[in-house]
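Student: One structure follows; several queries about it will come next.
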Amino acid sequence: MSAPLRLGIAGLGTVGIGVLRIIRQHAALLAARSGREIVISAVSARDRTKDRGVPLDRYAWEDDPVALATRDDVDAFVELIGGDEGPAKQAVEAALAAGKDVVTANKALLAIHGQALAEQAEGAGRVFRYEAAVAGGIPVIKSLTEGLAGNEITRVMGVMNGSCNYILTRMESAGLSYEEVFAEADGLGYLEADPQLDVGGIDAAHKLAILASLAFGTKVNFDGITLEGIDRVSIDDIHAAADMGYKIKLLGVAQKTGRGLEQRMQPCLVPDTSPLGQLEGGTNMVVLDGDAVGQIVLRGPGAGEGPTASAVMADVCDIAKGWRGPVFGLPANSLTTANPARAEMPAPYYLRMSLEDKPGALAKIATVLGDAGVSIDRMRQYGHDDTSAPVLIVTHKTTPDALNAALAAMETTSVLSGAPVALRIEAV
Ligand code: NAP
Ligand code: HSE
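Everything in the sequence shown is counted per our numbering, starting at 20 for the first residue and increasing by one.
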C-alpha cells in the first residue's frame, strides 16, 4: 500500500467534525477503497478549548489555518471554515502555493474567486475539489463532470437551498406566514449566521454559478445571475398557486440560449405533481438535461454534518487514489466568458391581483394584457369581500418584457386594489 494521504483540516464545526468522524469510523474501509490510509496530521479552529464531541489530542493543532495549510506533514488541505474572504481564502491560496491539493465545501469562495483559484491550482499542478459545495450530500459535481461527460448539457435546474425549501413547504403545511416560519427556522438553527444568504437566494445562487460553469464550460459568473429571494412570497400566493396546481419553489435555472447564458435564482411555480413540486422540507434536488441522456433527477440531503462530510470524503478519496483533473471540468484557461442572456426565455406566468368590485374591472385587465400581447390561458375569480375580489390568471408563454409592459399598464387602470403579484411558471 502507498504512503498515507496526510490531511490538514481547517474548521471543526458542523462539517469539519463530520469529516473527523467518518475518518475515525471508516478508516479501514477508506484505506481499502483508496488504496492507502487517510490520516489527519493537524487541525485548526478558533477555540482550542471547545469540546467538539470528538477527541482531538492525537492531531497537531494550529491556531492559524495558513500555518496548517503549509505544514510539511500535510499533503491535502481541507478548508471547512467558510466565507469568500479572510482565513478561508488566505489558507486555500497558501495551500496551493505550497504545493498541496485542496478540498473545500465553500461555495461562496468558489462562486466569487473560482476562476482565479482554478488558474492557481492548475498552474501549480494541484487538485482542487469541492463536491460538498453544491447540494450537500448529492454527488452533483461528479455527475456533471464524470457521469455525464458524454453529453452536451442543455439545462441545469434545481432547488439548492434546504432552508428556503423548508420555509416554503412549512408555510404551506402549517398555513403560517413567511415571517412566522422564518422566526421558527431561525430558532431551530436552520438558517445561516447571516440569514440573508439563505432567504435572499445568495447561497443557492453561489451553487448555481458553480454548476453553470461546469455545465457550459464558462467562467463562474455569480454577478450574471438574476437573483430574487423568498422574502416576498406570501401564504396567499402559496395557497393560490396550490389551487391552480402548482408549488412555489426557490428555483435555480441555468441554460444556454440563443440570447446568451441565462442564469436565474428566483421563486417560481412548478407543477405540484413534478419531482420538484413534491420536494418537501430541507431536501435538495438537481435536474440535469443532457443531449444524450435526456433528463436525470438527483435528490438528497443538501446540508448537515453527515451528508456534507460524505461529499468532502468523496473528494479526499479521489485525491488519495491519485485522481487528477481540471477544477471546472475543462482547463481553467479554456473556460469562456459567457454573455449573460439579454432577456429571459418566454414562459407562462402566474398573476394574482385584487380587483375592485365594479363593472368592467376584469375587462380592463383583460384588455391591458391583450394590448401587451399577453394571452390568458386560465383564470379564476374568488368571492368578493366588501370592495374587492381576488383574481388569479395563468398566462400562455410570454416574454418578461411583454408581461412587465402589461403590469405597468395595469397600474393606470384604477381597478386594482394593491399591486399585482407575478411569478414565472417553469417547465420542469
Ligand atoms: P461552522 O459550523 O460555522 O464551522 C466553522 C468552523 O471554522 C468552526 O470550527 C470555526 O472555529 C472555524 N473557524 C472560523 N474562523 C476561523 C479561523 N479564523 N481560523 C480557524 N478556524 C476558523 O461551519 P460549517 O457549517 O461546518 O460550514 C463549513 C463550510 O462548509 C462552509 O463553507 C459552508 O458554507 C460549507 N457547507 C456547510 C454545510 C452545512 O450543512 N453546515 C453544507 C454545505 C456546505 P470555532 O469552532 O473554534 O469557532
Ligand atoms: N444554508 C444552506 C442550505 C446550507 O440551507 O441549504 C447548505 O449549503
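Ideal Cβ positions, reconstructed from N, Cα and C, are used throughout, including at glycine.
Could you have a look at A311 and say whether DSSP puts it in helix, strand or coil?
Tutor: coil
Student: Between the C-alpha atoms of Q139 and L230, what's the straight-line distance to the nearest angstrom?
Tutor: 20 angstroms
Student: Given a cut-off of 9 angstroms, decide if L411 and L288 are closer than it, judged by their beta-carbon atoms.
Tutor: no
Student: Contact criterion: CB-CB distance below 9 angstroms. Does A224 meet it with respect to chain C?
Tutor: Considering every chain present, this structure includes no chain C. It has just one protein chain.
Student: Return helix, strand or coil for D334, following the three-state DSSP convention.
Tutor: If DSSP states are grouped into helix, strand and coil, D334 belongs with the helices.
Student: Grab me the residues of V153's own chain with a C-beta within less than 7 angstroms of its C-beta, minus the 5 sequence neighbours each way, in chain order.
Tutor: Hits under 7 angstroms: K126, V159, I160, M179, K226, I229 and L230.
Student: Could you have a look at I172 and say whether DSSP puts it in helix, strand or coil?
Tutor: strand
Student: Which same chain residues, not among the five before or five after G133, have their C-beta less than 6 angstroms away from its C-beta?
Tutor: V239
Student: Less than 9 angstroms between the beta carbons of N303 and G208, yes or no?
Tutor: no
Student: DSSP state of Y197, grouped into three classes?
Tutor: helix
Student: Compare the C-alpha of G279 against each of S293, T173 and L435 and name the closest.
Tutor: It is T173.
Student: Could you tell me which residues DSSP pairs with Y368 in its beta bridges?
Tutor: As DSSP reads the structure, Y368 sits in a beta bridge with R443.
Student: Can you give the Cα-Cα distance for A223 and V306, rounded to whole angstroms?
Tutor: A direct Cα-to-Cα measurement between A223 and V306 gives close to 14 angstroms.
Student: Tell me which residues share the same chain as L246 and place their Cβ nearer than 6 angstroms to its Cβ, disregarding the 5 neighbours each side in the sequence.
Tutor: G220, A224 and M284
Student: For K65, which of D396, G296 and W80 has the nearest alpha-carbon?
Tutor: For the sequence presented, residue 65 should be read as Arg rather than Lys. Taking only the C-alpha atoms, the option nearest R65 is W80.
Student: Tell me the DSSP secondary structure of E18 in three-state form.
Tutor: Residue 18 cannot be examined here, being either before or after the span of the chain that is shown, 20 to 447.
Student: Please report the distance separating the alpha-carbon of R318 from that of I157.
Tutor: 7 angstroms
Student: Between the beta-carbon of P350 and the beta-carbon of T417, is there less than 9 angstroms?
Tutor: No, they are not a contact pair.
Student: By the DSSP assignment, the beta strand (DSSP E) with P290 in it spans what residues?
Tutor: G279 to P290 is the extent of the beta strand (DSSP E) around P290.
Student: Of all residues in the structure, which have a C-beta closer than 6 angstroms to any heavy atom of ligand 2, taken in chain order?
Tutor: G155, N180, G181, S182, E211, D217, D222, G321 and A322
Student: Closest by CA to A273, which one among F241, D255, A259 and Q297?
Tutor: F241
Student: Tell me where the beta strand (DSSP E) around T123 begins and ends.
Tutor: Counting along the chain, the beta strand (DSSP E) containing T123 begins and ends at D120 to T123.
Student: Hey, out of V175, A322 and A46, whose CA is closest to Q282's CA?
Tutor: Ranked by how close their Cα comes to the Cα of Q282, the residues V175, A322 and A46 have V175 in first place.
Student: P106: buried (16+ other C-beta within 10 angstroms of its C-beta) or exposed?
Tutor: buried
Student: For Q297, which three-state DSSP category applies?
Tutor: coil
Student: According to the Cβ coordinates, are G30 and S63 closer than 9 angstroms?
Tutor: yes
Student: Taking the beta strand (DSSP E) that F96 falls in, what are its first and last residues?
Tutor: A95 to E98
Student: Would you kindly work out how many angstroms separate the C-alpha atoms of T237 and L298, rounded to a whole number?
Tutor: 29 angstroms
Student: Quick check on N184: buried or exposed, where buried means 16 or more other Cβ atoms within 10 Å of its Cβ?
Tutor: It counts as buried.
Student: So, at 8 angstroms on beta carbons, what are the nonlocal neighbours of E198 in its own chain, with the 5 sequence-adjacent residues on each side left out?
Tutor: Answer for E198: no residue qualifies.
Student: Quick check on the burial criterion: 16 or more other C-beta atoms within 10 angstroms. Buried or exposed for E165?
Tutor: exposed
Student: Nearest to N170 by CA position, among E363, V312 and V447, is which residue?
Tutor: V312
Student: Considering only heavy atoms of ligand 1, does any lie closer than 8 angstroms to the CB of V34?
Tutor: Judged by the Cβ position, V34 qualifies as a neighbour of ligand 1 at the 8 angstroms threshold, a heavy atom of the ligand being closer than this.
Student: Here's the rule I'm using: 16 or more other beta-carbon atoms within 10 Å means buried, otherwise exposed. How should Y369 be labelled?
Tutor: buried
Student: Grouping DSSP H, G and I as helix and E and B as strand, with all else coil, what is S373?
Tutor: strand
Student: With a threshold of 16 other CB atoms inside 10 Å of the CB of P326, please say whether the residue is buried or exposed.
Tutor: buried
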